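Novice: Before anything else, here's the structure in question.
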Amino acid sequence: MTTRLSILLAPLAAVATATTPVFDAPVAIEACGVPINVGNGGNASPFIVDWNGDGKQDLLHGQFNGGKVRFYDNIGENFAPEFGYFQYLQADGSDISLSSG
Ligand SMILES: [Ca+2]
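In the working numbering, each number is its position in the sequence shown, counted from 1, plus 66.
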């Protein structure tokens, strides 16, 4: 039992002594040249993924109002993404709507 505990603690000690990450100042993500407005209520939960399989990372996020999921196709490049108008994700021809709570 003691041996297993030692193995578990060793990686945690390495994480605790790692260099503290430093982040740049926040920037607003834009679509069509203006900051994306996720609507009232927040809870956007942005997610970066190549949704359409073209090799470029796209943006998905939820919107609290109506529970829909927006898809922004990356029309730029992965190192300099650009987003245009969004589309709501659909299933069987209807917008996906997720309930809250
Ligand atoms: Ca893509």
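Beta carbons are placed, not taken as given, at the ideal position from N, Cα and C, and that holds for glycine.
Only a predicted model underlies this, so the values are computations on that prediction, with no experimental measurement involved.
Rounded to the nearest angstrom, what separates G132 and D139 at their Cα positions?
Specialist: Working through the sequence shown from its first residue, we reach residue 132 at position 66. Working through the sequence shown from its first residue, we reach residue 139 at position 73. Their Cα atoms are separated by approximately 21 angstroms.
Novice: Using 10 angstroms around the beta-carbon of D158, count the other beta-carbons present and answer buried if the total reaches 16, otherwise exposed.
Specialist: Indexing the sequence shown from 1 puts residue 158 at position 92. The residue is exposed, with fewer than 16 neighbouring Cβ atoms inside 10 Å.
Novice: Would the beta-carbon of Q153 be found less than 8 angstroms away from any heavy atom of ligand 1?
Specialist: The residue you call residue 153 lines up with position 87 of the sequence shown. It does not: the Cβ of Q153 is nowhere closer than 8 angstroms to a heavy atom of ligand 1.
Novice: Shorter than 8 angstroms, the distance from the beta carbon of S122 to the closest heavy atom of ligand 1, or not?
Specialist: As a first step, residue 122 is located in the sequence shown; it is residue number 56 there, counting from the start. Checking the sequence, you will find Lys at residue 122 rather than Ser. Indeed, a heavy atom of ligand 1 lies less than 8 angstroms from the Cβ.
Novice: Quick one: what's Y154 bridged to in DSSP?
Specialist: Counted from its first residue, the sequence shown places residue 154 at position 88. Paired residues: R136.
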